[in-house]
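Peer 1: Have a look at this one before I ask anything.
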Amino acid sequence: MLKRYPLLFALLFLGYAFLYLPIFSLIIYSFNESRLVTVWGGFSTKWYGELINNGPLLDAAWLSIKIAALNASIAVVLGTLAALTLVRLRGIRGHKSLGVMVTAPLVMPEIIIGLSLLLLFVAMEDLIGWPAGRGQTTILLAHVTFSMAYVTVIVQSRLAHMDTSIEEAALDLGARPVKVFFAITLPMIAPALAAGWLLAFTLSMDDLVIASFVSGPGSTTLPMVVYSSVRLGVSPQINALATIIIAVVSTAVLIAGVTMYRKELKAQRKS
Amino acid sequence: MNGWLLQLNNRIRALLPGKGLIVGAPWFWLALFFVLPFLFVLKISLAEPQLAQPPYQDWIREIEDGLITIKLNFGNYAMLWEDELYRDALWGSFEIAAISTFFCLLIGYPMAYAIALAPTHWRMPLLMLVILPFWTSFLIRVYAWIGILKNNGLLNHFLMSIGLIDQPLEILHTPTAVYIGVVYSYLPFLVLPLYATLVRLDNTLLEAAADLGARPWKQFLTITLPQSVPGILAGSMLVFIPVMGEFVIPDLLGGPDTLMIGKLMWTEFFSNKDWPLASALASVLLVVLIIPFVLMRHYEQKAAEELK
Chain B
-14 MLKRYPLLFA LLFLGYAFLY LPIFSLIIYS FNESRLVTVW GGFSTKWYGE
36 LINNGPLLDA AWLSIKIAAL NASIAVVLGT LAALTLVRLR GIRGHKSLGV
86 MVTAPLVMPE IIIGLSLLLL FVAMEDLIGW PAGRGQTTIL LAHVTFSMAY
136 VTVIVQSRLA HMDTSIEEAA LDLGARPVKV FFAITLPMIA PALAAGWLLA
186 FTLSMDDLVI ASFVSGPGST TLPMVVYSSV RLGVSPQINA LATIIIAVVS
236 TAVLIAGVTM YRKELKAQRK S
Chain P
1132 MNGWLLQLNN RIRALLPGKG LIVGAPWFWL ALFFVLPFLF VLKISLAEPQ
1182 LAQPPYQDWI REIEDGLITI KLNFGNYAML WEDELYRDAL WGSFEIAAIS
1232 TFFCLLIGYP MAYAIALAPT HWRMPLLMLV ILPFWTSFLI RVYAWIGILK
1282 NNGLLNHFLM SIGLIDQPLE ILHTPTAVYI GVVYSYLPFL VLPLYATLVR
1332 LDNTLLEAAA DLGARPWKQF LTITLPQSVP GILAGSMLVF IPVMGEFVIP
1382 DLLGGPDTLM IGKLMWTEFF SNKDWPLASA LASVLLVVLI IPFVLMRHYE
1432 QKAAEELK
């Protein structure tokens, strides 16, 4: 293949270079003694030391992790239910409208989602007194709303390509649909649920725009801290933070990817 | 629909009191937190700003018991129409979104095609390499370009050290930087749907063309490209629509002359505290985006049907 389409694979390679060079530059300069990007002042881990002692940033990171974990868990449940509806319950009332409502958050500009949710929360507080003020709860509600759309896409594609013969057999043998779901369907879509959870987690950890609209005093998330620091220019501490995030994310994605890849290879060999 | 699927449907419907829950829970969540909020945006866009908390005056007010006045304020929309700033921003957003989508296609199509043509066991890892940057923080990836593009940044340093230029190029805080940032951030969104379309194309036509002596370029232009049009259009909208409302990239990489509607909305909301005007801007953007959204749904379904 490489020999048949040399130009195409050269372009692919250039594409990867474009995607990864900025990331590598971030990592390299997080170990730079000098504050300047163009001067290499020697290898140093001092920016990591400063990062660990940056109290406000660590508080914000902890808050973001809590919201992200809770968000991912709720989004996986709602997203799976939505995917089940879209793949398995065709023709049921609300099927079509759910399809539209679940696609729209994927492309809707964040700035519109943020503003509209803020106005909703203000009106709700006025009418029923909940949610009282803005803070962690409102950020969580907002994040679940757009993360569940991503989870739905992932679980939906898994459900649609799933071999249904085992479910069919269990149903023929008289197992109740609820039992079939928990004993067969759920384990079979588990990799998609894990991928969905991870994606929902990172989406929440990463959101600046929506959180800025719906957060209140005392609920500053990590991206908000990063943003206010980045606006002032390049800061090696942010490079250090970026390197940590990249390391954690690529490890998680690699482990998940390799596990799924091996499973698939095994399944292919068996069949 | 398969027989067993119908059977499953019927059984679920008969046995589960929770079948309503399966549809109901996500449906009501999205209706409450995604659709309903738009009505509030429309409502507040017709309100009058005031110095209070919240900073707008509700246009439905109860003066005395049971006596309700309604005072609509169309001034915000009139202002959007009359003030050139807002029209320029809408046009600026459109221009940046359209041109970046084109460049995403130019870079993303060969990538997706190469991955689709690669041996089966290579495809997963190659695809993972495209997705991986998408998982790391968006904000931080945009930030990385500041260090590269600024006057004393990596790119200028490199170009000057190889003697290509003597004066640093001014890229950061110009539209060019915004284009680079947008194409960079949204590239994976286009590669994935394009790959999904290309990998499932029918190869028998290609083989027939090759047997009849068509050159690879001709094969591509007459067979592969036309077949992938629905995928191209659906994927393009996946980039175009969110970029229309982009805020972070024009804010961090753009300059004062980069007018985009998302950045303007942010300023009206956070700096000027003019919630009604920000809502009017959001409403206009929402209406503008309905057309590409409908197109996207249409071509997504068309692409899915062709694959069957």
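Chains as they are written, first to last, in my numbering: chain B, -14 to 256; chain P, 1132 to 1439. Ideal placement from N, C-alpha and C gives every residue a C-beta, glycine not left out.
1) Considering just the uninterrupted stretch of the alpha helix (DSSP H) at P/Leu1173, what are its terminal residues?
2) Quick check on B/Met190: buried or exposed, where buried means 16 or more other Cβ atoms within 10 Å of its Cβ?
3) Ordered along the chain, which non-local residues of its own chain (more than five positions away) have a Cβ less than 8 Å from that of P/Ala1340?
4) Using the C-alpha atoms, what's the distance from P/Glu1179 back to P/Ile1191?
5) Select from P/Thr1335, P/Met1210 and P/His1304 the residue whose C-alpha is nearest the C-alpha of P/Gly1284.
6) Can the beta-carbon of P/Leu1416 be found less than 8 Å from the beta-carbon of P/Gly1376?
7) Give the DSSP-derived three-state secondary structure of B/Ile98 in the structure shown.
8) For chain P, is any of its Cβ atoms less than 8 Å away from the one on B/Pro7?
9) Helix, strand or coil for P/Gln1298 per DSSP?
10) For a test of the three-state rule: what should DSSP assign to P/Met1132, helix, strand or coil?
11) For P/Pro1148, which of helix, strand or coil comes out of DSSP?
12) Kindly indicate if chain P contains any beta-carbon less than 8 Å away from that of B/Phe16.
13) Can B/Val107 and P/Pro1185 be called in contact, C-beta distance under 8 Å?
14) Once you ignore the five residues that flank B/Tyr14 on each side, which residues in its own chain have a CB closer than 8 Å to its CB?
15) Between P/Phe1400 and chain B, is the shortest Cβ-Cβ distance under 8 Å, so that the two count as touching?
16) Beta strand (DSSP E) containing P/Leu1286: first to last residue?
17) Just curious, the alpha helix (DSSP H) that P/Thr1200 is in, first and last residue?
18) Counting only beta-carbon atoms, is P/Ser1316 nearer than 8 Å to chain B?
19) Could you give the distance in angstroms between the alpha-carbon of B/Ser19 and the alpha-carbon of B/Gly27?
20) Assuming B/Pro90 contacts B/Ile98 (C-beta within less than 8 Å), just tell me the rounded distance between them.
21) Along the stretch 1167 to 1191 of chain P, what residues have a CB closer than 7 Å to any CB found in chain B?
22) Does any residue of chain B bring its CB to less than 8 Å from the CB of P/Leu1285?
23) Should B/Trp47 go down as buried or exposed, given a rule of 16 or more other Cβ atoms within 10 Å for buried?
24) Please report how far the alpha carbon of P/Leu1332 lies from the alpha carbon of P/Pro1357, in whole angstroms.
25) For P/Glu1195, list the residues DSSP reports as bridge partners.
26) Do you know offhand how far P/Leu1146's Cα is from P/Ala1156's?
27) Does the beta carbon of P/Phe1233 come closer than 8 Å to any beta carbon on chain B?
28) How is the alpha helix (DSSP H) around P/His1252 delimited, first residue to last?
29) Check whether the stretch 77 to 85 of chain B and the stretch 143 to 159 of chain B touch, using three or more Cβ-Cβ pairs below 8 Å as the test.
30) Using a Cβ-Cβ distance cut-off of 8 Å, determine whether B/Leu(-4) contacts chain P.
31) So what's P/Met1378 in DSSP terms, helix, strand or just coil?
32) Are the beta-carbon atoms of P/Val1314 and P/Ile1380 separated by less than 8 Å?
33) When you compare the stretch 1195 to 1210 of chain P with the stretch 126 to 144 of chain B, are there three or more beta-carbon pairs, one atom per stretch, that lie closer than 8 Å?
34) Which residue wins for smallest C-alpha separation from P/Ala1409, given the options B/Leu100, B/Asn38 and B/Val165?
35) Below 7 Å between beta carbons is the criterion; list the residues of the stretch 233 to 244 of chain B that meet it against any residue of chain P, in chain order.
36) Could you check whether the Cβ of B/Ser132 sits closer than 8 Å to any Cβ belonging to chain P?
Peer 2: Once the coordinates are examined:
1) Taking the first residue of the second sequence as position 1, residue 1173 of chain P is located at position 42. Start and end: Leu1167 to Ser1176.
2) Locating residue 190 of chain B in the first sequence gives position 205, counting from the first residue. With 16 or more other Cβ atoms within 10 Å, it is buried.
3) Taking the second sequence and counting its residues from 1, one reaches residue 1340 of chain P at position 209. Contacts found: Lys1349, Gln1350, Thr1353 and Ile1354.
4) Working through the second sequence from its first residue, we reach residue 1191 of chain P at position 60. Working through the second sequence from its first residue, we reach residue 1179 of chain P at position 48. Taking the straight line joining both Cα atoms gives about 11 Å.
5) Taking the first residue of the second sequence as position 1, residue 1284 of chain P is located at position 153. When only C-alpha atoms are compared, the closest one is P/His1304.
6) The residue labelled residue 1416 of chain P in the question sits at position 285 within the second sequence. The residue labelled residue 1376 of chain P in the question sits at position 245 within the second sequence. Against a cut-off of 8 Å, the Cβ pair of P/Gly1376 and P/Leu1416 comes out as a contact.
7) Position 113 of the first sequence, counted from the start, is the residue given in the question as residue 98 of chain B. Helix at B/Ile98.
8) In the first sequence, residue 7 of chain B corresponds to position 22, counting from 1. Yes, B/Pro7 lies at the interface with chain P (some Cβ there is under 8 Å from its Cβ).
9) Here residue 1298 of chain P corresponds to residue number 167 of the second sequence, with the count starting at 1. DSSP places P/Gln1298 in coil when its eight states are reduced to three.
10) On the second sequence, residue 1132 of chain P is found 1 positions in, with the first residue counted as 1. With a pLDDT of 47 at P/Met1132, under the threshold of 50, the predicted position of this residue should be treated as unreliable, and no value is reported.
11) Here residue 1148 of chain P is taken as the residue at index 17 of the second sequence, counted from 1. Confidence in P/Pro1148 is poor, its pLDDT being 49 and thus under 50, which makes the residue's placement too unreliable to answer from.
12) Within the first sequence, the letter at position 31 stands for residue 16 of chain B. No - not a single Cβ of chain P is within 8 Å of the one on B/Phe16.
13) Looking up residue 107 of chain B in the first sequence gives position 122. Looking up residue 1185 of chain P in the second sequence gives position 54. Their beta carbons are under 8 Å apart, which means B/Val107 touches P/Pro1185 by this criterion.
14) Here residue 14 of chain B refers to the residue found at position 29 when the first sequence is read from its first residue. So the list reads Val22, Pro221 and Asn224, once near-sequence residues are dropped.
15) Mapped onto the second sequence, residue 1400 of chain P falls at position 269. So, interface residue.
16) Counted from its first residue, the second sequence places residue 1286 of chain P at position 155. Per DSSP, P/Leu1286 belongs to no beta strand (DSSP E); it is in the alpha helix (DSSP H), Leu1285 to Ser1292.
17) Counted from its first residue, the second sequence places residue 1200 of chain P at position 69. P/Thr1200 -> not in any alpha helix (DSSP H); beta strand (DSSP E) instead, spanning Leu1198 to Ile1201.
18) By one-based count along the second sequence, residue 1316 of chain P stands at place 185. With 8 Å as the cut-off, P/Ser1316 does not count as an interface residue toward chain B.
19) Residue 19 of chain B sits at position 34 when you count from the first residue of the first sequence. Residue 27 of chain B sits at position 42 when you count from the first residue of the first sequence. Going from the Cα of B/Ser19 to the Cα of B/Gly27 covers about 7 Å.
20) Locating residue 90 of chain B in the first sequence gives position 105, counting from the first residue. Locating residue 98 of chain B in the first sequence gives position 113, counting from the first residue. So it is a contact: roughly 7 Å between Cβ atoms.
21) Leu1167, Pro1168, Phe1169, Phe1171, Val1172, Ile1175 and Pro1185
22) For the purposes of this step, residue 1285 of chain P is identified with residue 154 of the second sequence, where counting begins at 1. Output row for P/Leu1285: interface = yes.
23) Taking the first residue of the first sequence as position 1, residue 47 of chain B is located at position 62. Result: exposed.
24) As a first step, residue 1332 of chain P must be located in the second sequence, where it is residue number 201. As a first step, residue 1357 of chain P must be located in the second sequence, where it is residue number 226. Each residue's alpha carbon lies about 11 Å from the other.
25) Within the second sequence, residue 1195 of chain P is the residue found at index 64, counting from 1. DSSP, once it has assigned bridges, lists P/Leu1198 as partnering P/Glu1195.
26) Within the second sequence, residue 1146 of chain P is the residue found at index 15, counting from 1. Within the second sequence, residue 1156 of chain P is the residue found at index 25, counting from 1. Low confidence applies here, because P/Leu1146 scores a pLDDT of 47, under 50, leaving its location unreliable and the question unanswered by this model.
27) Taking the first residue of the second sequence as 1, we reach residue 1233 of chain P at position 102. Not one chain B Cβ lies under 8 Å of P/Phe1233.
28) As a first step, residue 1252 of chain P must be located in the second sequence, where it is residue number 121. It spans Thr1251 to Trp1266 - the alpha helix (DSSP H) in which P/His1252 sits, taken as one unbroken run.
29) no
30) Here residue -4 of chain B is taken as the residue at index 11 of the first sequence, counted from 1. At least one chain P Cβ lies under 8 Å of B/Leu(-4).
31) Along the second sequence, one-based indexing puts residue 1378 of chain P at 247. The sequence shown places Phe at residue 1378 of chain P, rather than the Met named in the question. P/Phe1378 falls in the coil class under three-state DSSP.
32) Taking the first residue of the second sequence as 1, we reach residue 1314 of chain P at position 183. Taking the first residue of the second sequence as 1, we reach residue 1380 of chain P at position 249. The answer is no: Cβ separation not under 8 Å.
33) no
34) Numbered from 1 along the second sequence, position 278 holds the residue referred to as residue 1409 of chain P. Among B/Leu100, B/Asn38 and B/Val165, the Cα nearest to that of P/Ala1409 is on B/Leu100.
35) Val234, Ser235, Val238 and Gly242
36) Position 147 of the first sequence holds residue 132 of chain B. Taking Cβ atoms only, chain P never reaches closer than 8 Å to B/Ser132, which makes this a no.
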